[in-house]
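Residue numbering for the sequence shown follows this note's numbering, starting at 34 and increasing by one per position.
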Amino acid sequence: MNGIKRHSVAKAEGADIDVSKLVIEQTKNPGTIKSPNEIVFGRNFTDHMLSIEWNTKDGWATPHIIPYQNLSLDPATCVFHYAFECFEGMKAYKGKDGKLRLFRPDKNMARFNKSARRISLPTFQPEALIDLIANNSGYQPSKLCNGVCHCISCWSVLSNWVKAISLEATNYAVRAWPGGVGDKKLGANYAPCVVPQADAASRGHQQNLWLFGEEEYVTEVGTMNMFAAIRSKDGQKELVTAPLDGTILEGVTRDSVLALARQRLVPEGWKVSERKYTMKELEEASLEGRLIEAFGAGTAAIVSPIRTISWRGKELGCGLSENEESGEIAMKMKEWMEAIQYGDEPHEWSYIIE
């Protein structure tokens, strides 16, 4: 460990982000504006990014919007050695009225601060960062950085196409555990999942279904929250997802699905539950024809319908017929949420960028 610099623990001292001091440096080489069909996720970026330095003495410095560029980091920077890094992801939507909207950015900022606080990174006033993103839409700031590093990405919407996926139930590797940081959006949570996902892919599956403990509790699917629609033996329809017990990410889409389900599905006779449930329960429901559908929920896809789950040598169906790519609940959730995101339905979750 020779040569590794000592780093101070971040404290809530010094200045917070001051939007009024924003300095903008425009790029001299603007890129060509691409159509949505030409954009490749993770490869196409905006011309500018937001950079704000921070130190223990002064707090947050002047915010700068600068041309998109590489970061220059000392080899001793602690993110390389101790994974001091957290991030967030949001989408911006352009409606038929020509207005740009963010979807529940307050939720992203609250989670961002929770993640930062958990690993001793500095926090910030959520409203300030939202203002810096929303009030400079022509620059579309994409990254917030400081001496250690946290970042936020604002994604464009790439596709409305939905295709059901196949999962491999994974019990030989653990994504999160009690007392850990599985409920925070830290880069350190994602790297250990790459090999199990590659292993699942080599066996023909798109994602892992993460199981936990001897009971094989269902937790998450890939990097998404997991939902299952189950009909009980006495006919009660239930939409269930794992509870926020510290091992489950507090997904913004998860919270939105639950809220919409309670508002719109409960009056139709559905029961909406946040409870522990096991792979054995899913297997039984599938084999008895009571597993109506299952889907993952996350920012990138909104919903990702599940066709099959491979578990203990069995390929369990999740309610879809051969010619179906999505169940009714997943499609309703996608339609309901997109109506809000694009401004077709006025809603308090929609944040208009002026």
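Glycine is no exception: its CB is placed at the ideal position from the N, C-alpha and C atoms.
As assigned by DSSP and simplified to three states, the class of residue i
i    : result
N222 : helix
C182 : Bear in mind that the predicted position of C182 carries a pLDDT of just 48, short of 50, making it too unreliable to give a figure here.
K147 : helix
T95  : coil
P24  : The requested residue 24 is not part of the displayed model; the chain covers only 34 to 387.
E253 : strand
Q230 : helix
L244 : strand
S319 : helix
S265 : coil
S153 : coil
W188 : Because W188 sits at a pLDDT of 49, beneath the cut-off of 50, its placement in the model cannot be relied upon, and the following sentence gives the value as read from the coordinates. In the structure shown, W188 sits in a strand (DSSP, three-state: E or B).
S235 : helix
Residue range of the unbroken beta strand (DSSP E) whose run includes residue i
i    : result
E201 : 198-203
E378 : Run containing E378: none; DSSP gives neither H nor E here.
Y115 : Premise fails: Y115 lies in the alpha helix (DSSP H), 111-115, not in any beta strand (DSSP E).
E326 : 324-331
L349 : 347-350
S383 : 383-386
R137 : That residue, R137, is in no beta strand (DSSP E); it is neither H nor E in DSSP.
P108 : Element bounds for P108: n/a, residue is neither H nor E.
K124 : 119-127
I272 : For clarity, residue 272 is Leu in the given sequence; the question names Ile instead. Element bounds for L272: 270-274.
P336 : Before going further, note that residue 336 is Val rather than Pro in the sequence given. Note, V336: beta strand (DSSP E), 335-344.
Presumed contact (8 Å Cβ cut-off) between residue i and residue j, rounded CB distance
i    : j    : result
E393 : F145 : Not covered by the structure: residue 393. The range shown for the chain is 34 to 387.
T256 : P229 : Contact flag wrong, Cβ pair sits at about 12 Å.
K367 : V195 : 7 Å
E271 : I263 : 5 Å
P338 : E326 : 7 Å
G376 : R151 : Rounded, the Cβ-Cβ distance is 34 Å, inconsistent with contact.
T332 : M123 : 7 Å
D164 : W93  : About 14 Å separates the two Cβ atoms, so there is no contact after all.
G237 : S199 : 7 Å
K90  : G47  : 6 Å
A330 : F260 : 6 Å
M312 : V251 : 6 Å
N- and C-terminal bounds of the alpha helix (DSSP H) containing residue i
i    : result
I281 : I281 -> no alpha helix (DSSP H), and no H or E assigned at all.
W369 : 361-374
L165 : 159-167
Heavy atom of the ligand FMN within 7 Å of residue i beta-carbon
i    : result
K347 : No copy of the ligand FMN appears in this structure; indeed no ligand is present at all.
Below-8 Å beta-carbon distance, residue i vs any chain D residue
i    : result
A206 : Any reference to chain D falls outside this structure, which holds one protein chain only.
_3 or more residues per run - each beta strand (DSSP E) lying fully within the region 49-92_ = 81-84
*Would the region 238-254 and the region 205-219 be scored as touching if the rule is three or more Cβ pairs under 8 Å?*
yes
*Curious, which full-length alpha helix (DSSP H) runs of at least 4 residues does the region 279-316 contain?*
If we require 4 residues or more, the alpha helix (DSSP H) runs fully inside the region 279-316 come out as 285-293.
_the region 93-104 touching the region 62-82, judged by at least three CB pairs closer than 8 Å_ = Yes: the two stretches touch, three or more of their Cβ pairs being nearer than 8 Å.
*Is the region 269-279 touching the region 295-309, taking contact as three or more C-beta pairs under 8 Å?*
yes
_For the structure I just gave you, are there three or more beta carbon pairs, one from the region 343-356 and one from the region 104-116, closer than 8 Å?_
no
*Report yes or no: do the region 282-295 and the region 214-225 share at least 3 C-beta pairs separated by less than 8 Å?*
yes
*Examine the Cβ distances between the region 351-365 and the region 311-330 and report whether three or more of them are shorter than 8 Å.*
yes
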